[in-house]
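Quick mapping for you: the protein sequence lines, in order, are chains B and P.
Numbered continuously in the working numbering, the first sequence closes out at residue 391.
Numbered continuously in the working numbering, the second sequence closes out at residue 406.
Backbone N, C-alpha and C fix where the C-beta goes; we use that ideal spot for every residue, glycine too.
See structure below.
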Amino acid sequence: MSTSPTTTAEPTDDGPGLDPATVELLTGSLRELFAESTDASAVSAALAELGWTEVVAADPALATTILFTEQGRGLADPRILDDVLLDLLEPVLPATRSPRAVLYPHPVPAEDAGTVRGVLLGAVGEDTELVAPRFGADGVGELLVLPAAAGSSTDLTGFDPGAALRLVEIPAAAATARRTGPAAAQAWTRAEAAGRRALASAIAGVCEAALAQANAHVTARVQYGKPIGAFQAVRHRMSESHVAVTATRRTVAAAWAAGTDATGGAWEARIAKYRAGRAQAEVLRHTVQVLGAMGLTLESDMHRFVTRGALLDLLLGDHRSLGQEIGADLLTGSDARPVVEI
Amino acid sequence: MTGTGSAQAEKATTLSFSTDLDAYRTALRSYLCAERHLDRWRGRHYSSIEERTADHAVLLEVLHRGRWNRYGWPTEAGGLGGDPRHRAVLYDELSASGLPVPEQMNLLETLGPPLVRFAPELAARYLPLFLAGAEHWGQCFSEPEAGSDLASLSTRARRVDGHYVVSGQKLWTSHGATADRVVALVRTGTPESRHRGLSMIMIDLDSPGITRRPIAIASGAHELAEIFFDDVVVPADRLVGAEGQGWSVAMYLLQYERAMYAWASASVALRRLRELRDQLRERAAAGRPAPADGATRLGAVYADIITLRAQSADTVRRLAAGETVGPEASVDKILLATVESGINDAARDLLGGEFVLGTAPELHGWRDDWWYSRSATILGGSAEVQRTIIADHVLGLPKEAK
Chain B
50 MSTSPTTTAE
60 PTDDGPGLDP
70 ATVELLTGSL
80 RELFAESTDA
90 SAVSAALAEL
100 GWTEVVAADP
110 ALATTILFTE
120 QGRGLADPRI
130 LDDVLLDLLE
140 PVLPATRSPR
150 AVLYPHPVPA
160 EDAGTVRGVL
170 LGAVGEDTEL
180 VAPRFGADGV
190 GELLVLPAAA
200 GSSTDLTGFD
210 PGAALRLVEI
220 PAAAATARRT
230 GPAAAQAWTR
240 AEAAGRRALA
250 SAIAGVCEAA
260 LAQANAHVTA
270 RVQYGKPIGA
280 FQAVRHRMSE
290 SHVAVTATRR
300 TVAAAWAAGT
310 DATGGAWEAR
320 IAKYRAGRAQ
330 AEVLRHTVQV
340 LGAMGLTLES
350 DMHRFVTRGA
360 LLDLLLGDHR
370 SLGQEIGADL
380 LTGSDARPVV
390 EI
Chain P
5 MTGTGSAQAE
15 KATTLSFSTD
25 LDAYRTALRS
35 YLCAERHLDR
45 WRGRHYSSIE
55 ERTADHAVLL
65 EVLHRGRWNR
75 YGWPTEAGGL
85 GGDPRHRAVL
95 YDELSASGLP
105 VPEQMNLLET
115 LGPPLVRFAP
125 ELAARYLPLF
135 LAGAEHWGQC
145 FSEPEAGSDL
155 ASLSTRARRV
165 DGHYVVSGQK
175 LWTSHGATAD
185 RVVALVRTGT
195 PESRHRGLSM
205 IMIDLDSPGI
215 TRRPIAIASG
225 AHELAEIFFD
235 DVVVPADRLV
245 GAEGQGWSVA
255 MYLLQYERAM
265 YAWASASVAL
275 RRLRELRDQL
285 RERAAAGRPA
295 PADGATRLGA
305 VYADIITLRA
315 QSADTVRRLA
325 AGETVGPEAS
335 VDKILLATVE
345 SGINDAARDL
355 LGGEFVLGTA
365 PELHGWRDDW
375 WYSRSATILG
385 GSAEVQRTII
395 ADHVLGLPKE
405 AK
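Here you go:
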């Protein structure tokens with residue numbers, strides 16, 4: 050990848066930081082960027098023009114948070130997530146001149162154990178190397194590097210047609226590199242944690258945009274002679290949605306602040322992704338409801354937030370599995386870490 | 005360190021703890037770990053509020069003797085300096101070491117700051133006694149006809165020379181069954197004056213003309229009280245803030261309730277979650293595994309606690325930096341209610357039949373806590389009020405249909 054809008058899991062205070070005015074300016078630029086650039090390569094080019102690498106160096110946490118929040122808000126090409134993961138995986142992979150993409154595990158693995166089934170966040174060229182993580186919840190597994198040309202690739206419309214996903218099946222034997230052992234496992238743990246933080250911000254962005262649209266609707270839409278936002282049942286749904294979004298943003302920030310150990314803050318990142326996944330389920334249920342019939346027809350964009358929220362929730366662990374994993378770890382004796390200190 | 009060193013060394017320690025939060029935290033943590041005599045407060049269940057209050061007063065006294073609970077309060081009020089973060093660290097470290105946060109401290113968190121801010125003489129006189137466990141105060145706001153609609157309260161305080169004469173009835177007074185004094189919101193203006201005609205005043209509960217009747221919540225615990233005022237004479241210097249300023253004082257107080265109480269509750273909830281987890285593990289080891297959704301429920305509650313901590317820590321820091329915490333703190337209050345209800349509902353559901361029928365002390369504890377946790381969506385502004393505040397003042401939605 051030419052541009053790397055990504056980061057390692059560094060604490061916020063490692064960089065010189067970004068002042069609020071700069072953050073506001075950058076947020077505005079990113080919002081325009083994601084509104085105009087429809088595919089991954091255009092996004093990468095625009096980020097390079099913006100000098101994004103320096104922004105990330107100045108404040109990795111804030112930079113990643115606003116980048117993915119705006120990406121989610123704009124329902125933009127989700128592909129930049131690959132860069133977040135590859136940044137942490139490439140140190141354990143052989144050097145290459147080819148472009149690389151992440152092959153995300155499909156929730157239903159191939160029946161034949163010799164076949165890797167995964168999902169790509171968009172189409173790739175024939176010369177692309179696919180990096181496929183195959184790890185269990187116990188962290189044991191392997192990283193494969195597979196030539197895209199060796200597998201079959203088909204359009205995967207699914208629930209979120211806007212994401213242009215590709216379903217890939219490829220023989221594991223085609224791997225040009227295979228990484229196992231502690232270094233590979235640690236790289237994956239860190240990459241997954243970074244990806245989860247980014248996804249949690251993207252989900253927060255999706256929810257914020259949906260909430261803003263719902264807010265505009267309940268303020269303008271008049272029934273029984275009043276804006277429907279004057280009815281308590283509607284107002285309270287909106288408030289609960291606001292609480293869920295705020296909670297997500299705050300939990301992501303806490304995950305960044307804590308993410309400095311050898312695992313790259315895996316424990317905290319999992320909590321943040323879980324929080325975000327639950328938030329999208331709750332917020333989008335409310336925003337669809339308050340839009341009335343418009344929430345479920347193509348007349349409004351609301352359906353696009355719903356389907357994107359579902360996709361982002363699924364990637365790197367949906368909230369149901371993550372919640373179960375967190376609880377199971379506690380029940381088997383993991384420390385119930387406080388995560389946040391004053 | 006706890007008073008045995010020279011005066012000079014003590015002064016240096018005080019200065020360093022009041023300005024260095026991490027030094028305070030580290031020293032406090034090792035104190036709480038090392039002192040085995042604190043074990044009497046660990047895993048303890050009380051059969052009555054009266055018993056708990058008395059025992060927690062002893063814990064306050066111990067913490068006061070070690071100077072630990074004086075940080076975060078101004079020296080003029082018996083403290084040793086520092087800011088609200090010191091108090092937040094105290095509650096967190098107590099909980100992390102398996103100790104309770106003395107129940108009285110929860111109300112000091114809401115009543116202490118307005119006293120310090122609006123009635124420094126009262127704070128200088130009484131706050132040191134509170135910190136030492138020698139007395140505690142109740143919060144006397146609600147009335148039979150003024151629950152959520154607090155501005156409609158009607159307990160009157162008439163100014164007569166150098167004092168006020170208070171008449172009326174208060175209901176659901178927190179800690180009212182055992183408190184020595186209450187901080188009451190009373191009407192000094194006309195009956196129609198709503199929030200403009202209110203004043204905050206501290207009243208001794210042994211004053212002539214006061215009748216107190218403890219109110220048992222459904223668990224049988226006297227968490228609340230009903231207090232009748234029959235021409236009770238209260239010196240005018242007991243006003244907290246100026247006459248007619250009561251609503252502003254109450255709004256100031258609410259910031260601490262939303263920030264500090266939420267943080268303390270999150271700390272306590274994390275202790276309770278660890279205890280529940282350990283109890284479930286013991287049962288599993290004895291061949292009685294948790295229900296199938298046990299992991300999911302426990303994971304959800306734990307994540308909710310972490311989210312509340314993340315949100316609340318930010319609010320506490322803002323408060324400590326001197327910022328005003330406004331309507332957005334209703335988010336903290338809603339997350340707090342989610343945690344308090346959530347941990348106790350999880351205990352009830354995951355302990356199952358034992359919650360209903362069990363006789364072990366920890367089960368009495370869960371049953372009492374479960375009932376008390378029902379107040380999380382009622383007191384300090386109900387769940388509905390919080391959602392309305394967010395809709396009005398944060399989201400700016402159209403005003404509610406009348």
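ask   = Are arginine 324/B and threonine 295/B touching if we call contact CB-CB under 7 Å?
value = Going by C-beta atoms, arginine 324/B is not nearer than 7 Å to threonine 295/B.
ask   = Do the region 129-144 of chain P and the region 179-198 of chain P meet, that is, are 3 or more Cβ pairs less than 8 Å apart?
value = Verdict: yes, contact present.
key: Same chain, Cβ closer than 7 Å to alanine 84/B, neighbours up to 5 away in sequence not counted   = Counting only Cβ-Cβ distances below 7 Å, and skipping sequence neighbours, we find Gly123.
task = Below 8 Å on the Cβ atoms is my guess for valine 339/B versus alanine 243/B; work out the distance and round it to an integer in Å.
result = Incorrect: roughly 34 Å between the Cβ atoms, too far for contact.
ask   = Tell me which same chain residues have a C-beta within less than 6 Å of the C-beta of threonine 52/B, skipping the five on either side of it?
value = Its pLDDT being 38, under 50, threonine 52/B is placed unreliably in this model, and the value from its coordinates should be taken loosely. Cβ within range, chain order: Ser93, Leu96 and Ala97.
query = Counting along the chain, where does the alpha helix (DSSP H) carrying tryptophan 237/B start and finish?
reply = For tryptophan 237/B, the enclosing alpha helix (DSSP H) has its first and last residue at 230-269.
request  = Tell me whether the beta-carbon of glycine 166/P lies closer than 7 Å to the beta-carbon of alanine 240/P.
outcome  = In this structure, alanine 240/P lies closer than 7 Å to glycine 166/P by Cβ.
request  = Tell me, please, whether the CB atom of threonine 79/P is closer than 7 Å to any CB atom in chain B?
outcome  = For threonine 79/P, no CB of chain B lies under 7 Å from its own CB, so it is not counted at the interface with that chain.
task = Starting from the beta carbon of arginine 292/P, find every residue of chain C whose beta carbon is closer than 8 Å, and list them in chain order.
result = The structure shown contains no chain C; its protein chains are B and P.
query = Which residues share a DSSP beta bridge with phenylalanine 458/P?
reply = What is shown of chain P runs 5 to 406, which leaves residue 458/P out entirely.
ask   = Tell me which same chain residues have a C-beta within less than 7 Å of the C-beta of phenylalanine 122/P, skipping the five on either side of it?
value = Around phenylalanine 122/P: Val244, Gly245 and Val253.
ask   = Can you tell which of Ile393/P, Gly86/P and Gly298/P has the C-alpha that lies nearest to the C-alpha of glycine 330/P?
value = Nearest of Ile393/P, Gly86/P and Gly298/P to glycine 330/P, Cα basis: Ile393/P.
inquiry  = Against chain P, does glycine 171/B count as a neighbour if the rule is that its beta carbon must be under 7 Å from one of theirs?
reply    = Chain P places no beta carbon closer than 7 Å to that of glycine 171/B, leaving this residue out of the contacts.
task = State yes or no: is the C-beta of glycine 250/P within less than 7 Å of the C-beta of methionine 206/P?
result = Contact: no.
request  = Would you check if the distance between the CB atom of leucine 312/P and the CB atom of leucine 339/P is smaller than 7 Å?
outcome  = In this structure, leucine 312/P sits near leucine 339/P, with a CB-CB distance shorter than 7 Å.
inquiry  = Using only the alpha-carbon positions, how far apart do valine 271/B and isoleucine 277/B sit?
reply    = It is roughly 6 Å from the alpha-carbon of valine 271/B to the alpha-carbon of isoleucine 277/B.
request  = Closer than 7 Å, Cβ to Cβ, to anything on chain P: give me those residues from the region 257-287 of chain B, in chain order.
outcome  = Hits within the stretch, in order: Asn264, Val267, Thr268, Lys275, Pro276, Gly278, Ala279, Phe280, Gln281, Arg284, His285 and Met287.
Reduced DSSP category for alanine 199/B - H, G, I as helix; E, B as strand; rest coil = Of the three classes helix, strand and coil, the one that applies to alanine 199/B here is helix, per DSSP.
query = Grouping DSSP H, G and I as helix and E and B as strand, with all else coil, what is glutamate 3/P?
reply = With chain P running from 5 to 406 in the structure shown, residue 3/P is simply not present.
request  = For glycine 397/B, I'd like the list of residues in its chain whose CB is within less than 7 Å of its CB, leaving aside the five on either flank, ordered along the chain.
outcome  = Since the displayed chain B opens at 50 and closes at 391, residue 397/B lies outside it and no answer follows.
request  = Tell me, please, whether the region 33-44 of chain P touches the region 299-310 of chain P by the rule of three or more beta-carbon pairs shorter than 8 Å.
outcome  = Segments in contact, no.
message = For alanine 92/P, would you say it is in contact with chain B, using Cβ-to-Cβ distances shorter than 7 Å as the test?
response = Yes, its Cβ sits closer than 7 Å to a Cβ of chain B.
task = Could you pull out every residue in the same chain whose Cβ sits closer than 8 Å to the Cβ of glycine 207/B, ignoring the five residues on either side in sequence?
result = For glycine 207/B, where only same-chain residues beyond five positions count, the Cβ hits under 8 Å are Leu214 and Leu360.
For tyrosine 168/P: DSSP bridge partner residues = Answer is Arg163/P and Val238/P.
query = alanine 385/B by DSSP, collapsed to three states: which one?
reply = Collapsing the DSSP output to three states places alanine 385/B in coil.
ask   = At what residues does the beta strand (DSSP E) containing tryptophan 141/P begin and finish?
value = That run of the beta strand (DSSP E) goes 141-144.
message = Can you check whether the C-beta of glutamine 120/B is within less than 7 Å of a C-beta belonging to chain P?
response = It does not; no Cβ of chain P falls within 7 Å.
Residue nearest to leucine 258/P in terms of C-alpha spacing, selected from Arg352/P, Pro117/P, Ile221/P and Trp375/P = It is Pro117/P.
ask   = Helix, strand or coil for valine 180/B per DSSP?
value = Judged by DSSP in its simplified three-state form, valine 180/B adopts strand.
message = Does chain P have any CB closer than 7 Å to the CB of leucine 379/B?
response = Cβ-Cβ to chain P under 7 Å: yes for leucine 379/B.
inquiry  = In the DSSP assignment, the alpha helix (DSSP H) including methionine 351/B goes from what residue to what residue?
reply    = For methionine 351/B, the enclosing alpha helix (DSSP H) begins and ends at 351-363.
request  = Measure the C-alpha to C-alpha separation of glutamate 404/P and isoleucine 309/P and round it to an integer number of angstroms.
outcome  = C-alpha separation (whole angstroms): 32 Å.
key: Neighbour list for threonine 336/B in chain P, Cβ cutoff strictly below 8 Å   = Within chain P, no residue comes near threonine 336/B; the closest Cβ sits about 13 Å away, beyond 8 Å.
task = Using a Cβ-Cβ cut-off of 7 Å, state whether histidine 368/B counts as contacting chain P.
result = Not closer than 7 Å to any Cβ of chain P, the Cβ of histidine 368/B fails to qualify, so no.
Buried or exposed (CB count within 10 angstroms, at least 16 for buried), aspartate 209/B = The residue is buried, with at least 16 neighbouring Cβ atoms inside 10 Å.
message = Excluding the 5 residues flanking arginine 56/P on each side, which residues of the same chain have their C-beta closer than 7 Å to its C-beta?
response = Within the same chain, Cβ atoms closer than 7 Å to the Cβ of arginine 56/P are found at Tyr50 and Glu107, the five residues on either side in sequence being excluded.
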